[in-house]
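Trainee: Please see the structure below; I have some questions.
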Amino acid sequence: MRTRLVYFFFFLVCFQARSQVNSEFVDYLVISELNKEHKTYLDQLTLDFGETDSVRYYKTKFDLLTNNYDSFQNEFNSCKLCWKDTSLINYSSIHLIRFSIERANKFWKADSTYGSFVSKNSILRKSYNLSLNPKLDDSFLPYELKFHFQEYKSAYNKKAWVAGLLSAAIPASGKLYIGRGNSFFGAFALNVVHGIILYEAINRKGIEHPYTIVSAGFFGVFYFSNIFGTIHDLKRVKNERRKHFLYEVADYQSADLYLYE
Amino acid sequence: MTFKDRSFLSIINPFSYASIGLMFTYQRLVSQQIGADCPYELSCSEHAKRAVERYGILKGAMIGFYQLQSCTPRTGYDFPDHAINSDGRIINPIEIDED
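Protein chains in written order, with our numbering: chain X, 15 to 275; chain D, 162 to 260.
The following block contains the structure:
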């Protein structure tokens, strides 16, 4: 019994001595936004104890805090402790998706390789898959997010040829179709004015008059750029709605998740 | 934009250089005089200039003119929050990336 007690105190003292990172001090550095000091502290820990898992864990968090994503991914891949921390994985996914969707996807791939792929069950990851293929089952989405998904889905289903055809039939009406309704009247009025100018120029000065040719050039440029632009803009609308949906999911999932407690 | 990013048509077509030059002249001489205040992050002339550099004169001009006719006081309402920068201007990149 006495020997066990001695061992107990021996280990207690040893573990105290081996304690590498002062988490309270790190929290203080984070709250005070002392990033330079924070980095110096972590570098000093690396010099003192080497690249241990716990030091790497804090370095990973620091990289995420300072948006140093390349270093973050490298540190995370080699940190076993990080892959066991589900809340850190979820927080990282949310943080990364706001920076770049592709980077978040890369992170999830690393999770399946180095970690236990806990992120596959997160709403964000499932929503990402859903954004790639909106025909998948969306029953996992909570009520608050369904609206944003439907918004994305309606944009996803829009056809470029319909937008182009509408713009050709009635100038700028393709804008209404793709969801840029607020700039419809401006574009429509511009096309109508140029159309009227051209019509009057043909009637009054004849089709071969230089003024008519210039007017036709202006009308043609605005008319065709409107058709082409609507088709081009539809790609952007789809991309924007997708991002919006994923950001809303990220906001939803980020409740009660903190990088530092 | 690096030379490699530019389309082949944009590189060989002398009209591309002429139109970029015209845009440059407009920006230096006219735009400053009329005190243009654009709701977009890249003004129409800058956007068109870069689009011509990237895609060539035909597609570039189409993209430039599309932005010109999309510019109304209410245009900003068509865009979600993440497409507006901290100055309240619409972010309008030349490339429509998926990211």
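All C-beta atoms, glycine included, are put in the ideal place defined by N, C-alpha and C.
Do you know whose CA, among X/Q164, X/L155, X/T244 and X/L78, lies nearest X/Y274's CA?
Mentor: Here residue 274 of chain X corresponds to residue number 260 of the first sequence, with the count starting at 1. The shortest Cα separation from X/Y274 among X/Q164, X/L155, X/T244 and X/L78 belongs to X/L78.
Trainee: Any idea what DSSP makes of X/A31, helix, strand or coil?
Mentor: In the first sequence, the residue the question calls residue 31 of chain X occupies position 17. Summary for X/A31: the model assigns pLDDT 46, below 50, so the residue's position carries little reliability; its value from the coordinates is reported in the next sentence. In the structure shown, X/A31 falls within a helical segment according to DSSP collapsed to helix, strand and coil.
Trainee: Assign X/Q267 to one of three DSSP states: helix, strand, or coil.
Mentor: Within the first sequence, numbered from 1, the residue matching residue 267 of chain X stands at position 253. Residue state, collapsed to three classes: helix.
Trainee: Measure from the C-beta of X/N240 to each C-beta in chain D and report whether the shortest distance is under 8 Å.
Mentor: Within the first sequence, residue 240 of chain X is the residue found at index 226, counting from 1. Yes, X/N240 counts as interfacial toward chain D.
Trainee: If you measure from the beta carbon of X/Y266 to each beta carbon in chain D, is any gap under 8 Å?
Mentor: As a working mapping, residue 266 of chain X is identified with position 252 in the first sequence. It does not: the Cβ of X/Y266 has no partner Cβ on chain D nearer than 8 Å.
Trainee: Using 8 Å as the Cβ pair cut-off and three pairs as the minimum, do the segment 251 to 262 of chain X and the segment 143 to 159 of chain X touch?
Mentor: yes
Trainee: Using the Cβ count rule (16 or more neighbours within 10 Å means buried), how would you classify X/A269?
Mentor: Sequence index remark: in the first sequence, residue 269 of chain X carries index 255 (1-based). Burial call: exposed.
Trainee: Looking at X/L95 and X/Y71, is the spacing between their C-beta atoms short of 8 Å?
Mentor: Looking up residue 71 of chain X in the first sequence gives position 57. Looking up residue 95 of chain X in the first sequence gives position 81. Yes, these two residues count as a Cβ contact at 8 Å.
Trainee: Please tell me whether D/R211 and D/L203 are closer than 8 Å, where the distance is taken between their beta carbons.
Mentor: Working through the second sequence from its first residue, we reach residue 211 of chain D at position 50. Working through the second sequence from its first residue, we reach residue 203 of chain D at position 42. Result yes, Cβ atoms of D/R211 and D/L203 sit closer than 8 Å.
Trainee: Using a Cβ-Cβ cutoff of 9 Å, what residues of the segment 207 to 238 of chain X are near chain D? List them in chain order.
Mentor: V235, F236 and F238
Trainee: Does the pairing of the segment 222 to 231 of chain X with the segment 197 to 207 of chain X give three or more beta-carbon distances under 8 Å?
Mentor: no
Trainee: Please confirm whether X/R194 has its beta-carbon closer than 8 Å to some beta-carbon of chain D.
Mentor: Position 180 of the first sequence, counted from the start, is the residue given in the question as residue 194 of chain X. Judged by the 8 Å Cβ criterion, X/R194 is in contact with chain D.
Trainee: Cα separation between X/A31 and X/D57?
Mentor: Taking the first sequence and counting its residues from 1, the one referred to as residue 31 of chain X is at position 17. Taking the first sequence and counting its residues from 1, the one referred to as residue 57 of chain X is at position 43. Caution applies to X/A31, whose pLDDT of 46 falls short of 50 and renders its modelled position unreliable; the value that the coordinates give is listed next. Roughly 19 Å separates the two Cα atoms.
Trainee: Applying the criterion that 16 or more other CB atoms from any shown protein chain within 10 Å of the CB defines a buried residue, is D/F169 buried or exposed?
Mentor: For the purposes of this step, residue 169 of chain D is identified with residue 8 of the second sequence, where counting begins at 1. Sixteen is the threshold: since fewer than 16 other Cβ atoms of the shown chains lie within 10 Å of the Cβ of D/F169, the residue is exposed.
Trainee: If we ignore side chains and look at the alpha-carbon of each, how far apart do D/C232 and D/P254 end up?
Mentor: Position 71 of the second sequence, counted from the start, is the residue given in the question as residue 232 of chain D. Position 93 of the second sequence, counted from the start, is the residue given in the question as residue 254 of chain D. Cα to Cα, the separation comes out at about 15 Å.
Trainee: Anything in chain X within Cβ reach of D/I218, meaning under 8 Å, just list it in chain order.
Mentor: Along the second sequence, one-based indexing puts residue 218 of chain D at 57. By Cβ distance, chain X contributes nothing, its closest Cβ being about 12 Å from D/I218, past 8 Å.
Trainee: What number of angstroms, rounded off, separates the C-alpha of D/V191 from the C-alpha of X/L248?
Mentor: Working through the second sequence from its first residue, we reach residue 191 of chain D at position 30. Working through the first sequence from its first residue, we reach residue 248 of chain X at position 234. Computed Cα separation, rounded: 32 Å.
Trainee: Would you list, in sequence order, the uninterrupted beta strand (DSSP E) runs of no fewer than 3 residues that lie entirely inside the segment 231 to 263 of chain X?
Mentor: none
Trainee: Is it buried or exposed, X/E344, if we count other Cβ atoms within 10 angstroms and call 16 or more buried?
Mentor: Since the first residue of chain X shown is 15 and the last is 275, residue 344 of chain X is not available in this structure.
Trainee: X/E89 lies in the alpha helix (DSSP H); which residues open and close that run?
Mentor: By 1-based counting over the first sequence, the position of residue 89 of chain X is 75. It spans Y83 to N91 - the alpha helix (DSSP H) in which X/E89 sits, taken as one unbroken run.
Trainee: I'd like to know whether the C-beta of D/A244 is nearer than 8 Å to at least one C-beta of chain X.
Mentor: Start at 1 with the first residue of the second sequence, and residue 244 of chain D comes out as number 83. At least one chain X Cβ lies under 8 Å of D/A244.
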